[in-house]
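Per numbering that gives the first Met the number 0: the sequence shown = residues 0 to 244. To start, the structure under review is shown below, and the notes come after it.
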Amino acid sequence: MKNKIVVITGASSGIGKATAIRLSSEGHSLVLAARRIEKLETLKEQLEKENTEIVILKTDVTKRDDVKRLIKTTFDKFGRIDVLINNAGIMPLSFIEEGRVEDWEKMIDVNLKGLLYGINEVVPIMKKQHSGHIINISSVAGRRVFPTAAVYCATKFGVNAITEGLRQELSARYNIKVTAIEPGATKTELQNHIPNEEIKQNFAKRMENVTFLEASDIAEAIHFAISQPKQMNVTEILIHPTEGP
């Protein structure tokens, strides 16, 4: 478990940031990627007080060249990649009848294609290493469909399918672990992406009545998954708020 080389996308806030804090406290070397470089700089400054092996890189996961540069930079510096955490995601909820096609395309680009770009770049490295761990951040929405979330759910169902397919293809042959983390309602910036004001307000009311999960709760689940012995692959972790459905 000591000194893993970990790449985290969407690391500037929410689950990505919380995971960076948690794994940094264990002494792992981190490469943190996000579009908002200023937030990454602040996080790096915070983490470097205890861990000097922190690299940040401005990355838009919808741009394949950005993801290629992220993985290449990591490998060039450390010579290996032990864990990829595909965390970047967006959730612009809306009714399908609103026809927010651009939002649908963004969700597909970030939640699915961005994840696949990362997988495509690390798999050859992990195959040569004959080791590695790919963690995909999915959602309870990858198991159940909710009104206003049909397209978002479709992307998360897709994440779960990719995760399981990848496990079947890679785990036994190349010793590469694959895990889906499926959080329920969690306090993150995802709610800020909702363009429909009515849906956003309803979401806020839910937060008043239910104690949402903290991003740090999900970070603990990720830490658990990567800390297990060689023979144990935690393939999925579903997490609900205690008070939630």
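By construction, the Cβ of each residue, glycine as well, lies at the ideal position given by its N, Cα and C atoms. What you are looking at is a predicted structure, and each value in this text was computed from that prediction instead of being measured.
Self-check item: His192, DSSP secondary structure in three states
Solution: helix
Quiz item: Using CA coordinates, which residue listed in Ser12, Glu40 and Ser137 is at the minimum distance from Lys186?
Solution: Ser12
Practice problem: Within the same chain, show all residues whose beta-carbon is closer than 6 Å to that of Ile198, passing over the 5 residues directly before and after it, in chain order. | Solution: Leu92 and Thr147
Quiz item: Within this structure, are the beta carbons of Val82 and His129 separated by less than 8 Å?
Solution: Contact: no.
Quiz item: What are the uninterrupted segments assigned as alpha helix (DSSP H) that are 4 or more residues long and contained completely in the region 144-201, given in chain order?
Solution: Secondary structure within the region 144-201: the alpha helix (DSSP H) runs of 4 or more consecutive residues, fully enclosed, are 149-173 (chain order).
Quiz item: Along the chain, where does the beta strand (DSSP E) that runs through Thr273 open and close?
Solution: Since the first residue of the chain shown is 0 and the last is 244, residue 273 is not available in this structure.
Quiz item: First and last residue of the beta strand (DSSP E) that includes Lys57?
Solution: Looking at the DSSP string, the run of the beta strand (DSSP E) that includes Lys57 is Ile53 to Lys57.
Quiz item: Could you check where the beta strand (DSSP E) with Asn135 kicks off and where it finishes?
Solution: Gly131 to Ile136
Practice problem: Please work out which residues of its chain come closer than 7 Å, Cβ to Cβ, to Phe9, disregarding the five sequence neighbours upstream and downstream, and give them in chain order. | Solution: It should be noted that the sequence gives Gly, not Phe, for residue 9. Closer than 7 Å at Cβ, skipping near neighbours: Gly15, Ala33, Asn86, Ala87 and Gly88.
Quiz item: Under a three-way DSSP split, which group does Leu46 fall into?
Solution: Here Leu46 sits in helix by DSSP.
Quiz item: Along the chain, where does the alpha helix (DSSP H) that runs through Leu92 open and close?
Solution: Counting along the chain, Leu92 falls outside any alpha helix (DSSP H), and DSSP gives it neither H nor E.
Quiz item: Hey, Ile53 and Leu29 are a contact pair by Cβ (cut 8 Å); roughly how many whole angstroms apart?
Solution: 5 Å
Exercise. Run the CB neighbour count on Ser137, radius 10 Å, all protein chains shown included, and call it buried at 16 or more, exposed below.
Key: buried
Quiz item: How many angstroms separate the CA atom of Ile225 from the CA atom of Ile124?
Solution: If I take the Cα positions, the gap works out to 18 Å.
Quiz item: Among all the DSSP beta bridges, which residues are the ones paired with Glu235?
Solution: Ala179
Exercise. Classify Ala140 as helix, strand or coil using the three-state DSSP reduction.
Key: helix
Self-check item: Backbone secondary structure at Ile118 - three-state DSSP
Solution: helix
Practice problem: Quickly, what does DSSP pair Ile84 with across the bridge? List them, please. | Solution: Ile7 and Ile134
Quiz prompt | Delimiting residues of the beta strand (DSSP E) encompassing Ser28 | solution = From DSSP, the beta strand (DSSP E) with Ser28 extends over Ser28 to Ala33.
Quiz prompt | Close Cβ partners of Glu213 (< 8 Å) along its chain, the five nearest in sequence each way excluded | solution = Ala17, Thr185 and Lys186
Practice problem: Take Lys179 as the anchor and find which of His222, Lys204 and Phe202 has the nearest alpha-carbon. | Solution: The question names Lys, yet the displayed sequence has Ala at residue 179. The residue with the shortest Cα to Cα distance from Ala179 is His222.
Quiz item: Nearest CA to the CA of Val158: which residue from Leu115, Val60 and Thr73?
Solution: When each option's Cα is compared against that of Val158, the closest is Leu115.
Quiz item: From what residue to what residue does the alpha helix (DSSP H) around Glu97 run?
Solution: First-last for Glu97: undefined, no H or E at that position.
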